[in-house]
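Numbering-wise (this note's numbering), the sequence shown opens with residue 8 and increments by one. Structure record follows, encoded as structure tokens.
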Amino acid sequence: MVEHGGVPQTIQVAVIGAGMAGLAAARELVSLGLSVAVFDEGLDPGGRARSSQLPIDTPRGPLPICEWVEQLADEVVRGGAKLFLESAVLGQFADRTLAVLRKDRVETVRADAVVYATGARTDGLLFSGWTRPQVITAEAARRLAVTDRVALGRRGVIVGYVDESLALARELVACGVDEVVIVRADHPVEDIPGAADCLAGRPEVMHDWVIREAHGGRLMTHVTLVHRQTGQVIQHPCDFVVLNHLVTPAIEGLQLAGARFVYELALGGWVPLYDRGLRTTVTGVYVAGSVTGVESPEVDLLSGLIAGLTVASDLTNTFKENGANPARTGPEVGIAGEVEALWDRIRAASPERKVQARERIFGAFAHANRSTEGNAWSRDGFHPYKAVAHVHRTSTRTVEPWVVVCRCEDNNLADIRTALRQGARSPDDVKRLTRCGMGLCQWRACRTLVSEVISETLGIPMDGVPFPNVRFPLRPVSLGLLTAGAVEDGTVRSVLSEVEDNV
């Protein structure tokens with residue numbers, strides 16, 4: 008049952024995100040006797056998994072992912088967890104207090120531990136016509152076709168020469184699309200060894216063709232494709248285009264909390280640093296699911312179990328060290344063997360490139376300085392070997408200067424490049440000159456695009472492009488809701504209040 012009352016003032020564990028990983032972590036935690044609150048801004052639990060009909064192995068045998076995640080949500084609620092839907096977390100303060108937007112009010116909850124299972128989102132791709140209504144992301148295509156039963160069209164094009172595109176193509180065909188072809192995005196993620204192994208020889212894959220432009224009037228009629236070897240140009244008829252080249256972890260909440268990150272393109276780009284127990288560099292903050300690196304729903308489920316075990320173990324030890332009431336500590340949790348067994352299952356279910364990327368993250372975590380708190384450092388991220396990632400390049404896909412980059416503020420590619428010629432060296436510099444990133448999405452839709460333009464234009468590796476700054480609140484909210492019940496202290500504050508003295 009979904010909670011309709013107020014948010015509790017204190018809770019042992021707050022889980023942000025009610026997708027596969029968040030629900031798996033919550034189920035593990037309530038089974039070990041901990042009090043748990045799960046927050047999700049969606050109308051229904053399940054996240055991206057709710058729109059997938061692919062099978063997954065469960066204790067009850069193979070089930071469609073969408074059915075299994077519904078059963079998981081029921082088990083979480085029956086176990087005693089509080090599930091708050093339509094509840095967006097606006098940010099985390101230093102004492103692990105979360106501000107939660109619930110329709111017409113903002114409430115706070117103090118947690119002993121916070122699990123970020125915020126998932127991931129598909130990035131945009133710059134080409135003429137990419138902002139047309141018929142160009143959609145993979146998660147939007149699944150939601151429309153699988154969950155909402157909306158007919159996307161008879162002929163579709165998936166952009167992204169990666170293994171994940173084949174499963175998406177099969178799902179769309181199962182939902183009634185007559186023809187789906189897969190083409191290249193001309194993006195560096197497609198050049199990672201092993202990224203497209205399962206596409207070899209597939210009849211629905213146009214192996215050497217790259218998207219260049221989408222055409223049509225009120226409805227899409229065709230796309231222009233260019234052959235990356237010969238330069239031949241063709242027109243391919245289609246009704247819609249699905250972007251599926253790069254799915255990026257949703258890290259804004261972790262950035263605001265003060266976590267550190269490392270760049271791993273095989274896992275989607277910037278991901279938080281974490282150890283084998285999925286602890287981040289912020290004490291009491293953990294991660295699970297696609298925010299740790301974009302993988303399959305099965306891996307999301309397993310990572311949620313790891314996070315749940317780790318949190319339960321850590322809280323049990325902390326409470327006992329502090330002389331807490333034994334009734335609050337829950338059972339003694341010995342997790343080393345269980346966690347390693349779960350990692351063995353993850354390694355068996357993951358491509359080698361992603362296994363290696365996670366091992367690098369574990370190594371980087373061991374070298375990270377975890378004493379720094381606050382948000383100032385996060386504009387640079389962290390890497391023990393700074394600036395070793397790729398410089399963003401395209402070889403075939405040409406982008407015209409008038410192509411829009413930031414849809415909220417209507418900034419095009421020429422605007423971004425002009426700002427760089429004027430001295431901008433970071434997304435925040437670009438924002439000050441163009442208002443890019445200041446719209447409703449608050450960088451979520453254009454952060455990667457702007458970083459890629461900076462990397463390509465200035466020749467800077469992607470892990471050398473600073474993060475855009477993130478400020479509270481993470482979602483648009485009226486000042487009236489934020490100030491309700493506030494007591495005036497007579498102090499004038501501004502964005503400069505966020506800048507530390509030593510920066």
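Ideal placement from N, C-alpha and C gives every residue a C-beta, glycine not left out.
Asked                                                                                                                      : Found
Cβ-Cβ separation, L456 to L133 (assumed contact under 8 Å), whole Å                                                        : 6 Å
Contact set for V169: own chain, Cβ-Cβ below 6 Å, skip 5 residues either direction                                         : A202, A203
For G6, three-class secondary structure by DSSP                                                                            : This structure gives no information on residue 6, because the portion of the chain shown stretches from 8 to 510.
As assigned by DSSP and simplified to three states, the class of S58                                                       : helix
The region 127-144 in contact with the region 240-254 per 3-pair CB rule at 8 Å                                            : yes
8 Å Cβ shell around C205 - same chain, five flanking residues per side excluded                                            : D170, L173
Per DSSP, cross-strand counterpart(s) of K89                                                                               : A44
Buried versus exposed, by CB contacts within 10 Å (16 or more), W409                                                       : exposed
C-alpha distance - I165 paired with V217, whole-angstrom precision                                                         : 11 Å
CB of F474 within 8 Å of CB of Q262, strictly                                                                              : yes
Reduced DSSP secondary structure (H/G/I, E/B, other) of T228                                                               : strand
Meets three-Cβ-pair contact criterion under 8 Å: the region 179-192 and the region 209-216                                 : yes
Distance, A127 Cα to V406 Cα                                                                                               : 26 Å
Close-in-space but distant-in-sequence residues of the same chain around E459 (CB under 6 Å, 5 per side omitted)           : H399
CB contact flag (A364, A273, <8 Å)                                                                                         : yes
Pair within 8 Å by beta-carbon distance, A355 and V269                                                                     : no
Simplified DSSP state of S135, which is helix, strand or coil                                                              : strand
Span separating the alpha-carbon of A375 from that of V395                                                                 : 17 Å
L79 versus A31: straight-line alpha-carbon distance, rounded                                                               : 7 Å
Chain-order list of residues whose beta-carbon lies under 7 Å from that of A158 (same chain, five-residue window excluded) : G183
Opposing strand residues paired with I461 [DSSP bridges]                                                                   : The partner list for I461 (beta bridge, DSSP) is empty, contrary to what the question assumes.
CA-to-CA distance, V196 to P131, given in whole angstroms                                                                  : Looking at the sequence provided, one finds Gly at residue 131 rather than Pro. Between G131 and V196, the C-alpha separation is close to 13 Å.
V306 versus K438: straight-line alpha-carbon distance, rounded                                                             : 36 Å
For M469 and E70, the rounded distance between their alpha carbons                                                         : For the sequence presented, residue 70 should be read as Leu rather than Glu. Roughly 39 Å separates the two Cα atoms.
Residue of G98, V412, S58 minimising C-alpha distance to R150                                                              : S58
Contained beta strand (DSSP E) runs [length at least 3] in the region 98-136, N- to C-terminal order                       : 104-109, 112-123, 127-129
Assumed close pair A120, V318 - CB separation to whole angstroms, cut-off 8 Å                                              : 5 Å
C-beta contact flag for L50 and V484 at 8 Å                                                                                : no
Residues of its chain near P200, where Cβ-Cβ distance is below 8 Å and the 5 sequence neighbours each way are ignored      : R360
Cα-Cα separation between A25 and V278, rounded to whole angstroms                                                          : 19 Å
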